[in-house]
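Participant:
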Amino acid sequence: MSTDPQDKADVEKRLWKEVEHARFGMLGLVNSHQHYQPMTAFAEPETGQIWFFTRDDTDLAQAVAGDGGDAMFVVQAKDGDFQACIGGRLSRDHDTARIQRWWSPIVAAWYPDGKDDPHLTLLRLDARDAELWISKGGAVRFAWEIAKANLTDRRPDLGDRAHLGIA
Numbered sequence: 067m068s069t070d071p072q073d074k075a076d077v078e079k080r081l082w083k084e085v086e087h088a089r090f091g092m093l094g095l096v097n098s099h100q101h102y103q104p105m106t107a108f109a110e111p112e113t114g115q116i117w118f119f120t121r122d123d124t125d126l127a128q129a130v131a132g133d134g135g136d137a138m139f140v141v142q143a144k145d146g147d148f149q150a151c152i153g154g155r156l157s158r159d160h161d162t163a164r165i166q167r168w169w170s171p172i173v174a175a176w177y178p179d180g181k182d183d184p185h186l187t188l189l190r191l192d193a194r195d196a197e198l199w200i201s202k203g204g205a206v207r208f209a210w211e212i213a214k215a216n217l218t219d220r221r222p223d224l225g226d227r228a229h230l231g232i233a
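Pasting the structure below:
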């Protein structure tokens, strides 16, 4: 998918498409001793939010209890032609409508008491900005650019980088 890095609307559309399609990424707090952890993302482009199911007794949920904290969510497209790091504010939110909306047999496997599991909660990332890397042309393009760079002593042109402020 071609994305013009100068077109903010195009970049933002691509970001949300990739988050929804990839679904998985690494979530963690900025300036924390905790490692980022794999999480399943449920994106709401219209609100600029990404939601995650978790238990209220996990290290990450405990760390954002109260005021929340600055966090990053890192996502990569399955074909490897897109990477993004999304920054924002992470907080706990037990939104029963969203739990209902995204509940599935996969989510249920983690919560033996179902939607009423006393430890079930959601984390909400209110996205503030994102840095995106958008590659061009797949494996063939990659090989060509590497070969060309080695022959010409020029850096390979493998794609574009864009910064996006999210309202």
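Take any residue in the sequence shown, count from 1 to its spot, add 66: that is its number in our numbering. Cβ coordinates follow ideal geometry from the N, Cα and C atoms, glycine included. This structure is a prediction, so every number in the text was calculated from the model and none was measured.
1) Taking the alpha carbon of Val-85 as the point to measure from, which residue in Val-141, Ile-200, Ala-127 and Gly-94 has its own alpha carbon closest?
2) Quick check on Gln-100: does DSSP put it in helix, strand or coil?
3) Can at least three beta-carbon pairs, one atom from the stretch 91-102 and one from the stretch 161-178, be found at a separation below 8 Å?
4) Thinking Leu-186 and Arg-89 are a contact (beta carbons under 8 Å), I'd like their distance in whole angstroms, please.
5) Nearest by alpha-carbon distance to Arg-80: which of Pro-111, His-160, Pro-184 and Ile-116 is it?
6) The alpha helix (DSSP H) spanning Arg-80 covers which residue range?
7) Quick one: Cα of Asp-195 to Cα of Ser-170, how far?
8) Comparing C-alpha positions only, which one of Gly-154, Val-173 and Arg-221 sits nearest to Thr-113?
9) Nearest to Ala-150 by alpha carbon, out of Ser-157, Trp-117, Asp-159 and Met-138?
10) With H, G and I counted as helix, E and B as strand and the rest as coil, what does DSSP make of Asp-122?
11) Relative to the alpha-carbon of Gln-115, which residue among Glu-78, Asp-73 and Gly-146 has its alpha-carbon at the smallest distance?
12) In chain order, which continuous runs of the beta strand (DSSP E) of length 3 or greater are located wholly inside the stretch 134-180?
13) How far does the beta strand (DSSP E) with Ile-200 in it reach, from first residue to last?
14) On the three-state DSSP scale, how would you describe Asp-182?
15) Inspect the beta-carbon positions of Arg-158 and Ala-193 and report whether they are closer than 8 Å.
16) Tell me whether Arg-221 is buried or exposed, calling it buried when 16 or more other Cβ atoms sit within 10 Å of its Cβ.
Facilitator: The short version:
1) Val-141
2) coil
3) no
4) In fact, because the Cβ distance is near 19 Å, the residues do not count as touching under 8 Å.
5) Pro-111
6) 74-88
7) 29 Å
8) Gly-154
9) Met-138
10) coil
11) Glu-78
12) 135-142 and 148-159
13) 186-201
14) helix
15) no
16) exposed
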